[in-house]
Amino acid sequence: MSWTADFWNRLTAGFSRAEGLDAQPWLLVFIAAGAVLLSVPAPTWRWFGLFVTFVHELGHAFAALTAGHRISGIELRFDHSGQMRSLGRGRFGAVWAGFWGYPVPALTGLALVWAAVAGWASAALSIGVLVLAAALVFIRNIQGAAIALGCAAASVLLLWFVPPGGTAYVTASLGIALLVGAVRDWLNLLSVHTRRRSALQSSDAWILAQRSYVPSAVWLLLFAAVIAACAAGAAWVLLPVWLPAD
């Protein structure tokens with residue numbers, strides 16, 4: 001069997017339900033620690049933060065598509081900045097697409113944690129490979145191509161090398177890391193509005209305020225509310241694993 005056929009079999013085999021996350025409390029602590037190591041220390045955040053930025057821009061893109069806009073391109077940069085461009089009419093679509101950048105990494109993190117607990121971890125990895133591969137066609141700059149290819153390659157390696165018994169653990173850790181990354185990005189955005197106002201025009205909250213005439217502070221609070229709700233949802237999903245009934 002060729003490697004392409006083997007890869008396709010692995011990809012499609014992921015769309016079947018398996019045993020969900022069943023871990024002792026100490027192992028959940030280990031999973032959370034792995035997530036923190038990805039998303040908190042500066043050396044690892046330098047790389048994992050690029051993935052969070054990619055997910056952020058994909059959130060803008062997906063929201064734009066749901067509003068009937070056409071995606072004209074996505075740019076990603078090594079300094080963790082990015083931009084999604086879309087074409088469409090109406091102020092609502094622009095505001096709708098502009099809102100979902102910061103919340104989507106948290107929503108994705110919640111979805112991954114749920115998938116790990118519910119037995120769909122392999123499906124989550126397979127879907128991730130397909131989404132990241134499809135997103136490559138929208139990248140419009142060299143740095144973005146390098147980041148997108150790196151993220152897609154990492155997702156393929158996870159699908160290829162993580163054994164079935166470890167998929168739920170990896171997926172849960174990745175989900176928690178995205179949730180932590182979403183909080184970290186929001187705090188960075190808050191610092192733009194409070195301490196680094198020279199960079200204000202790059203802020204999604206500021207851009208939304210210009211488009212909607214709703215103050216930036218309201219958009220910051222709405223971002224925070226969605227991220228906090230996702231974090232609470234992930235904790236609720238993990239609670240039965242942490243405190244099993246028997």
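Following our numbering, the numbering of the sequence shown begins with 1 at its first residue and continues without gaps. Just so you know, even glycine gets a beta-carbon here, dropped at the ideal spot from N, CA and C.
Considering residue i, what are the terminal residues of the alpha helix (DSSP H) in which it resides?
| i | result |
| --- | --- |
| Gly150 | Ile142 to Phe161 |
| Gly233 | Ser216 to Trp242 |
| Glu57 | Ala42 to Thr66 |
| Ser126 | Ala121 to Ala135 |
| Gln201 | Segment: none, Gln201 is in no alpha helix (DSSP H) and carries neither H nor E. |
| Tyr169 | Thr167 to Thr194 |
| Ala111 | Pro103 to Ala118 |
| Ile31 | Pro25 to Ser39 |
Span of the beta strand (DSSP E) holding residue i?
| i | result |
| --- | --- |
| Gly82 | Gly82 to Leu87 |
| Arg70 | Arg70 to Leu76 |
So is residue i buried or exposed if we call it buried at 16+ other beta carbons inside 10 Å?
| i | result |
| --- | --- |
| Tyr213 | exposed |
| Thr108 | buried |
| Thr53 | buried |
| Phe99 | buried |
Can you give me the C-alpha to C-alpha distance between residue i and residue j, rounded to a whole angstrom?
| i | j | result |
| --- | --- | --- |
| Arg149 | Trp236 | Just to set this straight, residue 149 is Leu in the shown sequence, not Arg. So the alpha carbons of these two residues sit roughly 34 Å apart. |
| Val55 | Val104 | 7 Å |
| Val241 | Gly20 | 10 Å |
Going along the chain, which residues of its own chain have a beta-carbon closer than 6 Å to the beta-carbon of residue i, five neighbours each way excluded?
| i | result |
| --- | --- |
| Leu112 | Ala124, Thr171, Leu174 and Gly175 |
| Ala146 | none |
| Ala134 | none |
| Ala63 | Trp96, Ala97 and Trp100 |
| Gly144 | Glu75 and Leu76 |
Excluding the five sequence neighbours on either side, which residues of its own chain have a C-beta within less than 8 Å of the C-beta of residue i, listed in chain order?
| i | result |
| --- | --- |
| Val129 | Leu11, Ala152, Ser155, Val156 and Leu159 |
| Leu200 | Val192, His193 and Trp206 |
Closer than 7 Å by C-beta to residue i: which residues in its own chain qualify, once you throw out the five before and the five after it? Chain order, please.
| i | result |
| --- | --- |
| Gly119 | Arg17, Ala18, Glu19 and Gly20 |
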